[in-house]
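For reference, the structure discussed in these notes is given below.
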């Protein structure tokens, strides 16, 4: 891993640690930079906003490719649900745990919920483009992608608000699987 990527990851880890300890609004970017061992200017070179420390999404291209390569003849909703499920199940435990933590911070911070919704537009576009490549009409693709991302986001945020992982609670993977089953028409 190169220096840029190491710094990028150190900043993300520091931000998440501090947001979980102190809350998003109570954590200044200077403190995040200090914990990561860099300047605040370096933090903003890596992340244009404080929100981006949590909401940067590296999974869009992977999900879009998984959707694009689904079997021909599969409905748009099914291709989306199964493509996203396929990528979800390939996440390593560390990435899943980090996503759980991010979801908890987002669920507790109204400004981040709004930013998440705005950021979802990029995900919707990537997924809709993948559906169009598969042969779906552009309007159908956008509606399907918007519906799946809205439904999945709702399920994930409700899960994050309802649980702190006590024994017997539903796992995040189960929530994703259930939401995608509903969205995919199972």
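In this note's numbering, the protein residues as written are 1 to 186. Cβ atoms here follow ideal geometry from the backbone N, Cα and C, with glycine treated the same way.
{"Query": "Using CA atoms only, rank isn't needed, just tell me which of 78, 182, 156, 161 is closest to residue 173.", "Result": "156"}
{"Query": "So is residue 88 buried or exposed if we call it buried at 16+ other beta carbons inside 10 Å?", "Result": "buried"}
{"Query": "Alpha carbon to alpha carbon, what distance is there between residue 44 and residue 19?", "Result": "17 angstroms"}
{"Query": "Taking just the CA atoms, how far does residue 109 sit from residue 26?", "Result": "11 angstroms"}
{"Query": "Shortest alpha-carbon distance to residue 42 belongs to which of 6, 61, 73?", "Result": "6"}
{"Query": "Would you call the region 93-105 in contact with the region 74-82, where contact means no fewer than 3 C-beta pairs closer than 8 angstroms?", "Result": "no"}
{"Query": "Mind checking residue 1: buried by the 16 CB within 10 Å criterion, or exposed?", "Result": "exposed"}
{"Query": "According to DSSP, is residue 75 helix, strand or coil?", "Result": "coil"}
{"Query": "Exposed or buried, residue 162, counting other C-beta atoms within 10 Å across all chains shown (16 or more means buried)?", "Result": "exposed"}
{"Query": "Among 34, 35, 24, which has the Cα closest to the Cα of residue 52?", "Result": "24"}
{"Query": "Rounded to whole angstroms, what is the Cα-Cα separation between residue 183 and residue 69?", "Result": "19 angstroms"}
{"Query": "Going along the chain, which residues of its own chain have a beta-carbon closer than 7 angstroms to the beta-carbon of residue 128, five neighbours each way excluded?", "Result": "141, 142, 145"}
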